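Chains A and B are the protein sequences, given in the same order. Number 32 in the numbering used here belongs to position 3 of the first sequence; there are no gaps in the numbering. Number 352 in the numbering used here belongs to position 323 of the second sequence; there are no gaps in the numbering.
2 protein chains.
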Amino acid sequence: MPARLDQLETSMPVDLATRITASARTTASRVSPDIDDWVENKRKQPFESTIIPLAELNEPNGWGIAPGTGNLEHHSGRFFSVEGLHVRTNHGPVREWRQPILVQRDIAILGIIAKEFDGVLHFLLQAKMEPGNMDMVQLSPTVQATSSNYTQVHQGKRAAYVEYFTEPGRGRVLVDILQSEQGAWFHLKRNRNIVIEVTGDVPLHEDFCWLTLGQIGRLLRRRNVMNMDARTVLGCLPVAAPDGDAFDGDGRRSGEPGGVRTMTEILSWITGRKSEYELSAALVPLDSVTGWRREARGIVPAEGGNFSIVGVRVHARTREVHSWKQPLLAPHGLGLAGLVVRRIGGRLHALVRAEVLPGHRDTVELGPTVRFMMDDYPTTPAGRRPEFLDHMLSARSGVRFDVVLSEEGGRFLHAETRYLVVEDDDFPLRVPEDFAWITVEQLMALQRHSYYLGIEARTLLLCLNNL
Amino acid sequence: MPARLDQLETSMPVDLATRITASARTTASRVSPDIDDWVENKRKQPFESTIIPLAELNEPNGWGIAPGTGNLEHHSGRFFSVEGLHVRTNHGPVREWRQPILVQRDIAILGIIAKEFDGVLHFLLQAKMEPGNMDMVQLSPTVQATSSNYTQVHQGKRAAYVEYFTEPGRGRVLVDILQSEQGAWFHLKRNRNIVIEVTGDVPLHEDFCWLTLGQIGRLLRRRNVMNMDARTVLGCLPVAAPDGDAFDGDGRRSGEPGGVRTMTEILSWITGRKSEYELSAALVPLDSVTGWRREARGIVPAEGGNFSIVGVRVHARTREVHSWKQPLLAPHGLGLAGLVVRRIGGRLHALVRAEVLPGHRDTVELGPTVRFMMDDYPTTPAGRRPEFLDHMLSARSGVRFDVVLSEEGGRFLHAETRYLVVEDDDFPLRVPEDFAWITVEQLMALQRHSYYLGIEARTLLLCLNNL
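Here it is as structure tokens:
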């Protein structure tokens, strides 16, 4: 029975995983031979994104400050809003606080079209401008659209290719799962990560290109090229494990080496962490958020707090609407998402952390070993820094991946995160109760389902699979 | 790679599933030979549960009506509370409403201790009195305790055996997963479903007994004997599929017959349903819930609405506290949870429904084919009755399971549900978009994770596995 139960959990027919692995090994393609030039050229297009006083957001058919609450809302009630959050928890050094938070009830489609060329799977990515992007243009999924967008609330053009994801029967679904986004900045946000493989002709619009996973893996090592949404969708594909080990799953039963924890033990550990931590997070009027000031330049924390809410004005002829204003969440400085990995019994394990964040749908998701806003570093005494932070920052020889990538430029202004993977085969096996060593394959099995892995962990898993 | 990914999803070593199946086939045991007599005797003990006016709940160290909100709360702030819920959705005939709702942020332990006797797995169940139970005493998990209970907020005795679940290393974890409860009556409620196998001696307290799964399966066919919490925990065990087919999972890739949908297609269908339906459910003061009246006998719906909130006074010498008062949610009449099953390609499929309920953590969970409060039947015109309701009620020859079982007697007063399984091999394969045919094995694979199957579907799956 369990052998059969196993097989039922397969997301992918064998042939598909083989083809995905083949695509990951193909680092050049006749279809898009000059991808670097192409990206550079796209970045030369004229875009403009300027910070404006929050009060200037107010427009009859645009954004405004809601009377009574002070919330920032679009007149249509769609897109997203900036509201207040009142958090109480039994976890961590601060047990109660208020903060602004982005609220987006819509589920956006983050969709990628896949198609074979010359026998190799290619993925259709878009060079997309977002107002909060570093370098303005980054590579995004084929479609990155809220239902406000594809139902055309903003009166602009419909996003290209969206019909592949909204109309049934356009192709074969390879992946289709809801995943969370930043639990510190979004309230219960989740998006639909979907990949559809088509066999027929697909018109190639300006700003789009077909790339193999090998080409994408190479671009992933460049600063701020692969955007967050592309990373989370691609991360849901089952690429080959980095070490190519034959893996026998719950190894203890077959006598072969498995992960240090079985899947049952991992699920039990996650359940235990969720049971340990209570957290209630209630939306409240933005005006009632104590500890934050409304200034001309935005809503800023009185002290502590590591982001502000600002407004921007945007001009971009390539977007569905050519000019608009909107609020953005602007982090103060660089984030760090650091993952320690090590071989245990010959198998690559990652040290993940059960992370409690107010925007999580079920309190806990798995995060990197360390997640930290580096701006807080100078003012944080050594004794209050996150576990393993200094260890990661001082790593030299074991650095396997170290690239700055951006978070969502449609909601965040210049939100950069340093994604750091450090291999340390001498790292202690015994770790505090909030941490666990989990193999890469086990993380990929968890990622088939919603809300196990947080968004930074998912990007790191994609990076690991591209090492 | 996918073959390995499959194996990682195994919850259970092979030997365990074999032992669970063996336990399910053992319908008599030397350990508890006279289980029917034992249950009857337990039911003869003196318990008393009386409905009292809500105002009489008010006690300095007990329950009270919170000033300002009218919420019913325990003075300790623990256990649960009765608050108001304001629901808005784009789904169903009613798009906005307010209702009372039970709120319980604590994660309760629903824990069962398992142990081998004579080479067969037995499970330690408790004959437990709950104030809202039909027949007062039903068989419950070994431990059924909120953290308010096991941290002794109520100043009573600590629940027996709770240390097996709160202290590490007492046994081997077989199952440990959070699962939801009634999404129409609870706000975001979930409990920890956990089974631990021990090998050492376990003291046998009064009111507890060891049962095989075969004995439990027999009791499951008797009215109001196996309580809701025992059903949900036992339902997480991987018993053998009823038809014993060799199952090959994603059958299309091996050329052998699989389910009508692959797991990828099932996950995609669930994702699609969640994306289709918007639902926001905000807690509001109970006093602000329009359409409900506070009367002496409780909080009752002005019209429609199929439950009331009442108060009870309880005397029970076998509980940790011998006498107390508390509120309960009292449904108006019998619920129906009906499941249509049929063989497709030789394999048993169940017709489940993507059910949108305000208390769900992610909008949609899978429910039975039909869930309905039978009290509403006479006043619901044929055209507004749920799909397939009349078909199920008129079924004759294909009835495979038809037993009335109770929902949680610690929160609900006399909440009875008729669990009905109808096999109909002529039932149409094409069904509306909210429905899907899923094999029993596929449902069991989903049940390894939180919040795929609603609580009624989980009871029905347990019943199916005991056919």
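Every residue, glycine too, gets a C-beta built ideally from N, C-alpha and C. Since the structure is predicted, the reported quantities are computational estimates derived from the model, not experimental observations.
Cβ neighbour criterion (16 or more within 10 Å) applied to residue i
i                 : result
Asp205 of chain A : buried
Lys73 of chain A  : exposed
Val318 of chain A : buried
Val68 of chain B  : buried
Leu34 of chain B  : Confidence is the limiting factor: at Leu34 of chain B the pLDDT is only 37, short of 50, which leaves the residue's position unreliable, though a coordinate-based value still follows. Result: buried.
Asn222 of chain B : buried
Leu377 of chain B : buried
Arg440 of chain A : buried
Gly229 of chain A : exposed
Val132 of chain B : buried
Asn495 of chain A : buried
Val123 of chain A : exposed
Ile64 of chain A  : buried
Glu85 of chain B  : exposed
Gly17 of chain B  : Nothing can be reported for residue 17 of chain B: it is not among the residues displayed for chain B, which extend from 30 to 496.
Ala259 of chain A : buried
Gly198 of chain B : exposed
Arg459 of chain A : exposed
Close beta carbons around residue i, own chain, < 6 Å, minus the five adjacent residues each side
i                 : result
Phe401 of chain A : Leu365, Pro415 and Leu418
Ala498 of chain A : Nothing about residue 498 of chain A can be reported from this structure: the residues present for chain A run from 30 to 496 only.
Glu305 of chain A : none
Trp353 of chain B : Val343
Arg487 of chain A : Thr261 and Gly264
Val289 of chain B : Ile373 and Trp466
Leu45 of chain A  : none
Nonlocal neighbours in the same chain, by C-beta distance under 8 Å from residue i, ignoring five residues either side
i                 : result
Trp321 of chain A : Arg127, Gln128, Pro129, Ile328, Val329, Pro330, Ala331 and Gly334
Tyr481 of chain A : Ile299, Glu394, Leu395 and Leu475
Pro410 of chain B : none
Arg247 of chain B : Thr56
Asp236 of chain A : Lys71, Gln155, Ala156, Lys157 and Thr347
Bridge partner(s) assigned by DSSP for residue i
i                 : result
Arg342 of chain A : A:Thr79 and A:Lys354
Ser309 of chain A : A:Arg117
Thr446 of chain A : A:Gly364 and A:Leu434
Gly327 of chain B : B:Glu324
Trp126 of chain A : A:Val116
Arg371 of chain B : B:His378
Glu145 of chain A : A:Leu150
Gly140 of chain A : A:Val172 and A:Ile223
Thr383 of chain A : First, the amino acid is wrong: residue 383 of chain A is Ala here, not Thr. Looking at the DSSP assignment, Ala383 of chain A forms a beta bridge with A:Leu395.
Ala359 of chain A : A:Ser337
Nonlocal neighbours in the same chain, by C-beta distance under 7 Å from residue i, ignoring five residues either side
i                 : result
His389 of chain A : Ser209 and Gly212
Val450 of chain B : Leu368, Val370, Arg429, Phe430, Leu489, Cys492 and Leu493
Leu472 of chain A : Ala379, Leu482 and Leu490
Sub-8 Å separation of residue i and residue j beta-carbons
i                 : j                 : result
Leu242 of chain A : Ser52 of chain A  : yes
Arg447 of chain A : Leu363 of chain A : yes
Leu266 of chain A : Ile49 of chain A  : yes
Leu315 of chain B : Thr98 of chain B  : yes
Met163 of chain B : Ser337 of chain B : no
Gly340 of chain A : Pro75 of chain A  : no
Leu154 of chain A : Cys238 of chain A : yes
Val385 of chain A : Gly121 of chain A : yes
His443 of chain B : Ala359 of chain B : yes
Ile142 of chain A : Val231 of chain A : yes
Met421 of chain A : Thr398 of chain A : yes
Asp405 of chain B : Ala424 of chain B : no
Ala144 of chain B : Val202 of chain B : A small correction: the amino acid at residue 144 of chain B is Lys; Ala does not occupy that position in the sequence shown. Not closer than 8 Å, so no.
Ile136 of chain B : Asn256 of chain B : no
Pro160 of chain B : Gly438 of chain B : yes
Phe194 of chain A : Gly140 of chain A : yes
Closer than 7 Å: residue i CB and nearest the ligand GTP heavy atom
i                 : result
Leu240 of chain B : This structure lacks the ligand GTP, and indeed carries no ligand of any kind.
*Going along the chain, which unbroken runs of the alpha helix (DSSP H) with 4 or more residues stay wholly within the stretch 49-119 of chain B?*
Listed in chain order, they are 64-72.
*Which parts of the stretch 174-239 of chain B are runs of the alpha helix (DSSP H), unbroken and 4 residues or longer, counting only runs that do not cross its ends?*
Those alpha helix (DSSP H) runs which fall completely within the stretch 174-239 of chain B and span 4+ residues are 176-179 and 192-195.
*Entirely enclosed alpha helix (DSSP H) segments - the stretch 441-485 of chain B, minimum 4 residues*: The stretch 441-485 of chain B contains these whole alpha helix (DSSP H) runs: 469-476.
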